[in-house]
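Protein chains in written order, with the working numbering: chain A, 1 to 270; chain B, 1001 to 1374.
Here a beta-carbon is modelled for each residue, glycine too, at the ideal position from N, C-alpha and C.
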């Protein structure tokens, strides 16, 4: 890793990082407040008998639910708004890190310095994970603030909030690693972005369709979002797959990138 | 030690035909290039656009991987030591792209820091290329093409590299800045630095380079000492005389004599002394000796001599000026001479031939030696 390249990357991304973090913080603050506001009505629904089964199915959303504080927080994590904000770095930054520089022609100047391609890749990988970690931390902080404002702080354990953060960092870090692997594999931003976006969208679709439709439940394990498990983290019920699958995806993506990038021919930008 | 050496360096792109797999687009970008650049010289690497100049440079710096052959830069193998090489080399990419969101100063600082070396030549280069502190405080996105090129030159040379690899460095510079840049190159040479200089402009190669290699369609066509080439070039002579015409047929090096009224034209090669001595009894009204440029020197070279010295490998070398021209040595195929050319008449507001700011412009007219009446 090159500290100078990291500093420059940080300087270039810091405003965006602040904006994304504030957005996630505000969003995450809302979820405990919303849950606290509707908690009593949901309790009434829970006791309403036969109609509850159908309601309960549709109230499941990507590993979250509306029947508990951890479930509501999990809905906040998998909600398209939160996912989109988290992907600003896990996808947007990572995809543009190398393919964008290559397309703009600035990678030429960077590679003219005594920096190996692996070092450049490593720096961008660390930057991606750091940015994702900060963004997810803002989301966790928002959750804490929301829970405190809603008077539900007693229902959350700090150690489990840390587990939730780590789980989020791993899953979005894995998306980032995949995007960065695509980024080092193409000369143009378009193909790298298309490939990464397809991976994210298919993954999201499989998770959501599986959570809403019991017949499609078998598709969920093929989605990386399935291993984003804030509810399990807060309840202390994460599975080993919630950790191993994101780590494995990240590992494979890193190996692919380390194999592809140094061996690629970087022809003159057209 | 050679600062740079290639041995049968070859780069082909695309997929050749394989069993059960159709061949993809296959491009022979560079074939069997063998050159050696001595330490402390300015080496011109000349060729039309698409000839393989940038491919060669990218192979030297590790951007591309050779299909076959090998290259050494500063004694280091480019296949295994590209990072170390880049630490000792300054590189100006062709058509350089810079970080638009940074100021010029921040950019130079940043790129200098990535070298981990003090930018000892920065101030001198900034002064030479007239990049003021005020200019450097502006964002790069506000820079003209010429200013970007100047920043590109500074970033390549500010850390005083042992070897500078410059891909078409005068692109976008106005004539004054080109001259300032040539002065910089002279100073670097005087300081023992080596310059590998790619260009498609013959006149600048003639002006600054010690030796020149010409590349065409990925193959080395010629490798020559510029001074030797120019020494044997023919000069064009125009002589206006009064009275009887001088007798020049027996003068060594004089050919192509034509007399029309009081105007004598001929070609002069080699030592000018015998020619001037032959004019002793002639009343000279005007005399113009126009030196041939590098392009003509090359054409003459190909007309009169064999090719083995320059051509390294491969296909039949070009024969005669027609084939040499077809081979890409003529201005019509990408090599430019920077000579003033005839232009269409334009409006008074836009004088013919006047360059726009920061666009490449014609160099000065060819040197003309004139004497008064003898």
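Start and end residues, beta strand (DSSP E) containing residue i
i                       : result
residue 16 of chain A   : No beta strand (DSSP E) contains residue 16 of chain A, which is instead part of the alpha helix (DSSP H) from 3–46.
residue 1268 of chain B : 1263–1269
residue 1239 of chain B : 1234–1242
Collapsed DSSP secondary structure at residue i in the structure displayed
i                       : result
residue 1063 of chain B : coil
residue 1252 of chain B : coil
residue 1182 of chain B : helix
residue 242 of chain A  : helix
residue 257 of chain A  : helix
residue 1291 of chain B : strand
residue 1014 of chain B : strand
residue 71 of chain A   : helix
residue 108 of chain A  : helix
residue 1097 of chain B : coil
residue 65 of chain A   : coil
residue 1352 of chain B : Bear in mind that the predicted position of residue 1352 of chain B carries a pLDDT of just 36, short of 50, making it unreliable; the figure below should be weighed with that in mind. Coil.
residue 60 of chain A   : coil
residue 263 of chain A  : helix
residue 1131 of chain B : coil
residue 1138 of chain B : coil
residue 1162 of chain B : coil
residue 1247 of chain B : coil
residue 99 of chain A   : helix
residue 215 of chain A  : helix
residue 1317 of chain B : Per-residue confidence for residue 1317 of chain B stands at a pLDDT of 36, beneath the threshold of 50, marking its modelled position as unreliable; no derived number is given.
Cutoff 6 Å; reference residue i; Cβ partners in own chain excluding five residues on either side
i                       : result
residue 182 of chain A  : 192, 195, 196
residue 1251 of chain B : 1274, 1275, 1278
residue 161 of chain A  : 140
residue 1093 of chain B : 1167
residue 209 of chain A  : 216
residue 60 of chain A   : 211
residue 1240 of chain B : 1262, 1263, 1285, 1286
residue 1369 of chain B : In this prediction, residue 1369 of chain B scores a pLDDT of 33, lower than 50, which makes its location untrustworthy; no coordinate-derived value is stated.
residue 123 of chain A  : 1, 2, 5, 6
residue 90 of chain A   : 132, 172, 175, 176
Residues near residue i by beta carbon distance below 7 Å, same chain, minus five either side
i                       : result
residue 1207 of chain B : 1182
residue 165 of chain A  : 136, 137, 140
residue 26 of chain A   : 142
residue 1035 of chain B : 1006, 1213, 1220, 1223
residue 1037 of chain B : 1002, 1003, 1004, 1043, 1194, 1196
Bounding residues of the alpha helix (DSSP H) (the contiguous stretch that carries residue i)
i                       : result
residue 1150 of chain B : 1145–1157
residue 205 of chain A  : 189–212
residue 186 of chain A  : Where residue 186 of chain A is concerned, there is no enclosing alpha helix (DSSP H), given that its DSSP letter is neither H nor E.
residue 86 of chain A   : 80–87
residue 1124 of chain B : 1122–1128
residue 1113 of chain B : 1104–1115
residue 1229 of chain B : 1226–1231
residue 229 of chain A  : Run containing residue 229 of chain A: none; DSSP gives neither H nor E here.
residue 1275 of chain B : 1273–1278
Residue from the options with nearest C-alpha to residue i
i                       : options                        : result
residue 1099 of chain B : A:139, A:190, A:11, A:157      : A:11
residue 1180 of chain B : B:1156, B:1163, B:1219, B:1127 : B:1127
residue 1169 of chain B : B:1141, B:1201, B:1140         : B:1201
residue 1007 of chain B : B:1062, B:1068, B:1267         : B:1068
residue 130 of chain A  : A:152, A:176, A:189, A:238     : A:176
residue 16 of chain A   : A:202, A:88, A:104, A:6        : A:88
residue 1047 of chain B : B:1291, B:1222, B:1289         : B:1222
residue 1109 of chain B : A:184, A:233, A:246, A:5       : A:5
residue 1151 of chain B : B:1082, B:1194, B:1106         : B:1106
residue 84 of chain A   : A:21, A:31, A:124, A:104       : A:21
residue 214 of chain A  : A:63, A:39, A:68, A:245        : A:63
residue 188 of chain A  : A:209, A:171, A:173, A:105     : A:105
residue 1013 of chain B : B:1246, B:1059, B:1137, B:1039 : B:1059
residue 232 of chain A  : A:33, A:35, A:68               : A:68
residue 33 of chain A   : A:14, A:123, A:152, A:95       : A:152
residue 155 of chain A  : A:35, A:24, A:205, A:1         : A:35
residue 190 of chain A  : A:157, A:102, A:80, A:37       : A:102
residue 1125 of chain B : B:1248, B:1192, B:1257, B:1158 : B:1158
Contacting residues, own chain, Cβ-Cβ under 8 Å from residue i (five flanking each side not counted)
i                       : result
residue 1141 of chain B : 1100, 1101
residue 1064 of chain B : 1011, 1055, 1058
residue 111 of chain A  : 117, 120, 266
beta-carbon residue i near the ligand ATP non-hydrogen atom, thresh 7 Å
i                     : result
residue 64 of chain A : This structure lacks the ligand ATP; in fact it carries no ligand of any kind.
Length-filtered (4 minimum) alpha helix (DSSP H) runs lying within the stretch 1164–1223 of chain B: Runs found: 1175–1190, 1202–1208.
Any beta strand (DSSP E) of 3 or more consecutive residues that is wholly inside the stretch 1037–1093 of chain B: Segments of the beta strand (DSSP E) lying fully in the stretch 1037–1093 of chain B: 1042–1046, 1068–1073, 1089–1092.
If we require 4 or more residues per run, which alpha helix (DSSP H) segments fall completely within the stretch 114–184 of chain A? Within the stretch 114–184 of chain A, the complete alpha helix (DSSP H) runs of at least 4 residues are 117–149.
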